[in-house]
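Residue numbers (our numbering), protein chains in the order written: chain A, 1 to 421; chain B, 422 to 842.
See structure below.
Number of protein chains: 2
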Amino acid sequence: MAVKNAFYAQSGGVTAVINASACGLIETARKNSKKIGKVYAGRNGIIGALTEDLIDTSKESDKSISALRYTPSGAFGSCRYKLKGLEENRAEYERLIEVFEAHDIGYFFYNGGGDSQDTANKVSQLSETMGYPITCVGIPKTVDNDLPITDNCPGFGSVAKYVAVSIREAGFDVASMAKTSTKIFVMEVMGRHAGWIAAAGGLANEQEGDAPHIILFPEVTFNEEKFLKKVEQSVKKFDYCAIVVSEGVKNKDGGFLAEAGTRDAFGHAQLGGVAPVVAQLIKDKLGYKYHWAVADYLQRAARHIASKTDVEQAYAMGKAAVEMALKGKNAVMPTIVRKSSKPYKWTVGEAPLSKVANVEKMMPKNFITNDGFHITDKCREYLSPLIKGEDYPPYKNGLPQYVKLKNTPVKKKLKKSFTVK
Amino acid sequence: MAVKNAFYAQSGGVTAVINASACGLIETARKNSKKIGKVYAGRNGIIGALTEDLIDTSKESDKSISALRYTPSGAFGSCRYKLKGLEENRAEYERLIEVFEAHDIGYFFYNGGGDSQDTANKVSQLSETMGYPITCVGIPKTVDNDLPITDNCPGFGSVAKYVAVSIREAGFDVASMAKTSTKIFVMEVMGRHAGWIAAAGGLANEQEGDAPHIILFPEVTFNEEKFLKKVEQSVKKFDYCAIVVSEGVKNKDGGFLAEAGTRDAFGHAQLGGVAPVVAQLIKDKLGYKYHWAVADYLQRAARHIASKTDVEQAYAMGKAAVEMALKGKNAVMPTIVRKSSKPYKWTVGEAPLSKVANVEKMMPKNFITNDGFHITDKCREYLSPLIKGEDYPPYKNGLPQYVKLKNTPVKKKLKKSFTVK
Numbered sequence: 001m002a003v004k005n006a007f008y009a010q011s012g013g014v015t016a017v018i019n020a021s022a023c024g025l026i027e028t029a030r031k032n033s034k035k036i037g038k039v040y041a042g043r044n045g046i047i048g049a050l051t052e053d054l055i056d057t058s059k060e061s062d063k064s065i066s067a068l069r070y071t072p073s074g075a076f077g078s079c080r081y082k083l084k085g086l087e088e089n090r091a092e093y094e095r096l097i098e099v100f101e102a103h104d105i106g107y108f109f110y111n112g113g114g115d116s117q118d119t120a121n122k123v124s125q126l127s128e129t130m131g132y133p134i135t136c137v138g139i140p141k142t143v144d145n146d147l148p149i150t151d152n153c154p155g156f157g158s159v160a161k162y163v164a165v166s167i168r169e170a171g172f173d174v175a176s177m178a179k180t181s182t183k184i185f186v187m188e189v190m191g192r193h194a195g196w197i198a199a200a201g202g203l204a205n206e207q208e209g210d211a212p213h214i215i216l217f218p219e220v221t222f223n224e225e226k227f228l229k230k231v232e233q234s235v236k237k238f239d240y241c242a243i244v245v246s247e248g249v250k251n252k253d254g255g256f257l258a259e260a261g262t263r264d265a266f267g268h269a270q271l272g273g274v275a276p277v278v279a280q281l282i283k284d285k286l287g288y289k290y291h292w293a294v295a296d297y298l299q300r301a302a303r304h305i306a307s308k309t310d311v312e313q314a315y316a317m318g319k320a321a322v323e324m325a326l327k328g329k330n331a332v333m334p335t336i337v338r339k340s341s342k343p344y345k346w347t348v349g350e351a352p353l354s355k356v357a358n359v360e361k362m363m364p365k366n367f368i369t370n371d372g373f374h375i376t377d378k379c380r381e382y383l384s385p386l387i388k389g390e391d392y393p394p395y396k397n398g399l400p401q402y403v404k405l406k407n408t409p410v411k412k413k414l415k416k417s418f419t420v421k
Numbered sequence: 422m423a424v425k426n427a428f429y430a431q432s433g434g435v436t437a438v439i440n441a442s443a444c445g446l447i448e449t450a451r452k453n454s455k456k457i458g459k460v461y462a463g464r465n466g467i468i469g470a471l472t473e474d475l476i477d478t479s480k481e482s483d484k485s486i487s488a489l490r491y492t493p494s495g496a497f498g499s500c501r502y503k504l505k506g507l508e509e510n511r512a513e514y515e516r517l518i519e520v521f522e523a524h525d526i527g528y529f530f531y532n533g534g535g536d537s538q539d540t541a542n543k544v545s546q547l548s549e550t551m552g553y554p555i556t557c558v559g560i561p562k563t564v565d566n567d568l569p570i571t572d573n574c575p576g577f578g579s580v581a582k583y584v585a586v587s588i589r590e591a592g593f594d595v596a597s598m599a600k601t602s603t604k605i606f607v608m609e610v611m612g613r614h615a616g617w618i619a620a621a622g623g624l625a626n627e628q629e630g631d632a633p634h635i636i637l638f639p640e641v642t643f644n645e646e647k648f649l650k651k652v653e654q655s656v657k658k659f660d661y662c663a664i665v666v667s668e669g670v671k672n673k674d675g676g677f678l679a680e681a682g683t684r685d686a687f688g689h690a691q692l693g694g695v696a697p698v699v700a701q702l703i704k705d706k707l708g709y710k711y712h713w714a715v716a717d718y719l720q721r722a723a724r725h726i727a728s729k730t731d732v733e734q735a736y737a738m739g740k741a742a743v744e745m746a747l748k749g750k751n752a753v754m755p756t757i758v759r760k761s762s763k764p765y766k767w768t769v770g771e772a773p774l775s776k777v778a779n780v781e782k783m784m785p786k787n788f789i790t791n792d793g794f795h796i797t798d799k800c801r802e803y804l805s806p807l808i809k810g811e812d813y814p815p816y817k818n819g820l821p822q823y824v825k826l827k828n829t830p831v832k833k834k835l836k837k838s839f840t841v842k
């Protein structure tokens, strides 16, 4: 059998460790060069496949590929673009097949979250419905930690660590200032529907009085009265109150506490700015002086404080994807399987893409305390191993030395261009 | 001569390394126990002295004191409280003398910025005007880097590093997303009147196209038209635009682009929220999708990414303060003297408090490019050494292990209490 090339693309919001998955995938493919040909990356995700805008990763040195392990963001460009169903937009699938055939691509690796696993699953159906033989393997990635089946998602552990470290540090700061100045600190974190990232902030609270004192989850309807009472209690007891608030917190009408009003390409509401809303409410009702922060992209790009566990798992997922493909497995995604929490042991499992696509994993109810403002011991036991270990990038002149790839284009073979809508 | 005790206090906004100064001071005092007695820290700065709320640092283990070197924030509590002139509030000075006499305090160390060096200077005048012998040494501290005479201020280098690392990471992130999603990233940083912190973001731009593409300084009046043109150019050339904006940016009427409307205890306007204003302006005028972050306290508390140079200098300032006091120097502040930039060499100098108090050092004009949107090579040469080197705190369970001191109170000796207004 002739050796087939592989297509790899990054999709959706990027993370501090998605490139570690790319690193694991490309390094493993290079070690199996007798079984797998070149790895072509899609420039800007699946759009690169549709527009025949492929990157030849074989032009990158081993050193550059190895540097992907410690470089945040998507080295080949990502995109927010979801393939429609085969019935709705057959032209897109026909185009994919044209491009794959033209470049002798037999493997399709798609590195993304729920929406992206749905795309991977649809592409896997090409084999059957359109008679084009392709092996499809999804690679999990999402800071939101909301993919099903896998115990956790690469990308999440590093955001979790950033949020826990940051609220600990800000908590120390506010505690110093509380006597004559700021008593309230509100830190806004990502998480549209699931409160995993906000929950991670709770890990910084190891002893009574440690920040954060309050966490606002998207899973818990915001109750102004209960919240203000809790803030006041914290200030009376500890002199200050540090709060982690998820961007997705909703009021009792089901609306977001702060909604920017714009929507992303997947139709999700784009959020931002709930921290100032919460801070101002406290000022208005209780009179305390506040500071607030919105971490936004800083949290998911913060490779400088990545979790070692997360980096290792991201790499392992990329490596496993190639190994699964070489074993002939199709329409699957490698997963992280937890063997034990104390000591933390995990292994690589697998899940069918059909069961991963478009399923959002919420936090279990018993991960949130009864009052709705913090995490339980059960939640700590789950989260704690995910932020364990440091994995610092190399520095020069005080700055992390992240790699920028050459991203050499593969020569186009098709005459027709394709416009992505 | 009997051995006198020392008073040490932290003042104003805290930093990632002010405790490293405390560490240098207390460790040096301990080594000179034949010449200097106990170090009493003011709980919440000078307020601790006025209210006779002193902390006995001799109750802390060597290990705990040594851990201050890697613990952010003010371990003894800080305050925003400025002593009035002797003529305006003689009662405060009389009270200080009562407390110092009661606790046999002969050394006064005050760790802070311009306002705090003013307080230290006033206290030093007690010797002459009120006949109480006390040796006063200020210790420089401010993230704003705006103290005169000293080449730079402890606390600044670490914020500078945080800002440069963060905008580099966020820049990588936005570059990945720009094709189909976010093209604009705006990061708001501290700096009311001087653009030192915003300038530090410019260090991340090492090669053409690197983030940040635009810096908005408080020194440069905001020109909407020129700014929008620059944003558009950046998006056309690099596909995206990463912006660092100082909280203190002003419009042509001299008002802050974003003003929260509240004022701190020193009467300074409390700012926050210029990033969303700038981002929305771009969206409204150019239509680009944006994300924004406000780092706020996270930037100055970020001990996890502190500059090694900064930590060493902060420690050296605390150490030098004790050494100066033991040499009988009064009303002085140790300074950082730059010997050369390449290679970076510095030594400890000294400045009279009278020349430090209430003087704000602005950025030299030739540190900002002619178009007003970036830093010059001269500025890079100045800033670059200050962020050099990493100095990671110890971690356990994925979290930095910062110390919380016991902060044992010294038994009060005075019958009268004192109310701070």
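Ideal Cβ placement from N, Cα and C applies to all residues, glycine included.
Out of B:PHE497, B:GLY433 and B:THR840, which one is the CA nearest neighbour of VAL460 of chain B?
Out of B:PHE497, B:GLY433 and B:THR840, B:PHE497 has the C-alpha closest to the C-alpha of VAL460 of chain B.
Is THR408 of chain A close to chain B? Criterion is C-beta to C-beta, closer than 8 Å.
no
Does the distance between the C-beta of ALA619 of chain B and the nearest non-hydrogen atom of the ligand GTP fall short of 7 Å?
Among the components modelled here there is no ligand, and therefore nothing to report on the ligand GTP.
Taking PRO639 of chain B and ALA615 of chain B to be in contact with their CB atoms under 8 Å, please state how far apart those CB atoms are, rounded to whole angstroms.
7 Å
Which partner residues of MET608 of chain B appear in the DSSP bridge assignment?
B:VAL665 and B:ALA714
Taking the Cβ atom as the reference point for each residue, do LEU707 of chain B and GLU645 of chain B lie within a distance shorter than 8 Å?
no
Checking contacts by CB at 8 Å: is PRO764 of chain B closer than that to chain A?
no
Residue span of the alpha helix (DSSP H) that contains PHE172 of chain A, given as start and end:
156-177
Near VAL294 of chain A, what residues of its chain come up, given a Cβ to Cβ distance below 6 Å and the 5 sequence neighbours on each side ignored?
Here the set comprises GLU188 and ALA275.
Below 9 Å between beta carbons is the criterion; list the residues of the region 479-495 of chain B that meet it against any residue of chain A, in chain order.
Across the region 479-495 of chain B, CB contacts with chain A closer than 9 Å involve THR492, PRO493, SER494 and GLY495, in sequence order along the chain.
Between the C-alpha atoms of VAL244 of chain A and ASP210 of chain A, what's the straight-line distance to the nearest angstrom?
13 Å
Please state whether the Cβ-Cβ distance between ALA741 of chain B and GLY576 of chain B is less than 8 Å.
no
Please check if any C-beta of chain B sits within less than 8 Å of the C-beta of VAL359 of chain A.
Contact of VAL359 of chain A with chain B is not assigned, every C-beta pair being separated by 8 Å or more.
Report back the beta-carbon spacing between ILE636 of chain B and ALA625 of chain B to the nearest angstrom; my notes put them in contact at under 8 Å.
Not quite, the Cβ-Cβ distance comes to about 10 Å (not below 8 Å), so this is no contact.
Grab me the residues of GLY533 of chain B's own chain with a C-beta within less than 6 Å of its C-beta, minus the 5 sequence neighbours each way, in chain order.
SER432, GLY433 and LYS562
Scan the region 189-240 of chain A and note each continuous alpha helix (DSSP H) run of 4 residues or more that stays entirely inside, going in chain order.
196-201 and 224-238
Bridge partners for LEU820 of chain B per DSSP, in chain order?
Bridge partners of LEU820 of chain B: B:LYS817.
Assuming contact is defined by CB atoms lying nearer than 8 Å, are VAL337 of chain A and VAL322 of chain A in contact in what I supplied?
no
Measure how close the beta-carbons of VAL544 of chain B and ILE555 of chain B come, nearest whole angstrom, since I'm counting them as under 8 Å.
7 Å
PRO830 of chain B to THR449 of chain B span [Cα, whole Å]:
22 Å
Run down chain B in chain order and give the residues with a C-beta less than 7 Å from the C-beta of VAL99 of chain A.
Within 7 Å Cβ-Cβ: nothing; VAL99 of chain A doesn't reach chain B, min ~17 Å.
Three-way DSSP call (helix, strand, coil) for ASN861 of chain B in this model
Only positions 422 to 842 of chain B appear in the structure, and residue 861 of chain B is not among them; the question remains open.
Look at ILE139 of chain A and GLY318 of chain A and say whether their C-beta atoms are less than 8 Å apart.
yes
Helix, strand or coil for GLU60 of chain A, going by three-state DSSP, please let me know.
coil
Looking at the structure shown, is GLN270 of chain A part of a helix, part of a strand, or coil, going by DSSP?
Caution is warranted here: a pLDDT of 45 is assigned to GLN270 of chain A, below 50, making its placement in the model unreliable, and the coordinate value is therefore given only provisionally. Note: GLN270 of chain A maps to strand in three-state DSSP.
How long is the line joining the alpha carbons of CYS136 of chain A and TYR110 of chain A, rounded to whole angstroms?
8 Å
May I have the straight-line CA-CA distance separating ALA663 of chain B from LEU517 of chain B, to the nearest angstrom?
50 Å
Contact set between the region 300-317 of chain A and chain B, restricted to residues whose Cβ is under 9 Å from the partner
ARG300, ALA301, ALA302, ARG303, HIS304, ILE305, SER307, LYS308 and THR309
Proximity winner among B:LEU747, B:LEU568 and B:PHE794, relative to ASN779 of chain B (alpha-carbon distances):
Of B:LEU747, B:LEU568 and B:PHE794, the residue nearest in Cα terms is B:LEU568.
CB-CB under 7 Å to GLU98 of chain A, same chain, minus the five flanking residues each way: which ones, in chain order?
LEU414
Out of curiosity, what's the CA-to-CA distance linking ASP377 of chain A and LYS289 of chain A?
32 Å
So, does the CB of CYS708 of chain B fall closer than 8 Å to a CB anywhere in chain A?
A small correction: the amino acid at residue 708 of chain B is Gly; Cys does not occupy that position in the sequence shown. Closer than 8 Å: no.
Per DSSP, what kind of secondary structure is ALA9 of chain A in: helix, strand or coil?
strand
Could you have a look at ARG338 of chain A and say whether DSSP puts it in helix, strand or coil?
strand
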